[in-house]
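Residue numbers (this note's numbering): -6 to 196.
Written as structure tokens, this is what we have:
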């Protein structure tokens, strides 16, 4: 029995699921240069056994994510879901209350399957008007507080306004920006993985 259990554990390492849009899918960047690929390298280098699965899709909205999350959870049984969605909703002017409920549903589904969740906050250009912009950006802080979810305020901090780190479209980060994106997200990822390990050990 012990040998069988060990073999099973070895065959299925704990999983981190990155669930986002083009910022995490690596639009316009070689796969091995994306922040998600760099995350896998960092986890391995720091002794984590986790494998990173990237279920991000360019152009994804929170509604699309909500329809996909159950299948992703079934397929990969993640320990941690890194949620990076909402930017496309905001750029299309979708109602903030609907975006918020979609993200809430994704987090709830993840937790129902025993996964921890973290939120990578997004901002949109100010030309959408201060009222909408503030309501949109408030989604992430409000959910983080209500659901007690680790989050970062702006995933693209230090990148979005630096032309040298952006592709020509002015929307997507380039290869040089990817390590910065990982550094922005790393503190909450690291915290969530360690908390999840401690919680599992105590049960």
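Cβ atoms here follow ideal geometry from the backbone N, Cα and C, with glycine treated the same way.
A contact is defined here as three or more CB-CB pairs under 8 Å, and the region 3 to 18 meets this definition with respect to the region 59 to 77. By the Cβ-count criterion, residue 55 is buried, with 16 or more other Cβ atoms from all chains shown falling within 10 Å of its own Cβ.
According to DSSP, residue 77 shares a beta bridge with 13.
A straight line joining the alpha-carbon of residue 192 with that of residue 109 spans about 10 Å. Within a 10 Å sphere around the beta-carbon of residue 119 sit fewer than 16 other beta-carbons, which makes this residue exposed. DSSP places residue 111 within a strand segment (E or B) once states are collapsed to three.
If you check the CB distance, residue 12 and residue 49 come in under 8 Å. Taking one beta carbon from each stretch, the region 29 to 48 and the region 81 to 96 have fewer than 3 pairs nearer than 8 Å; the two do not touch.
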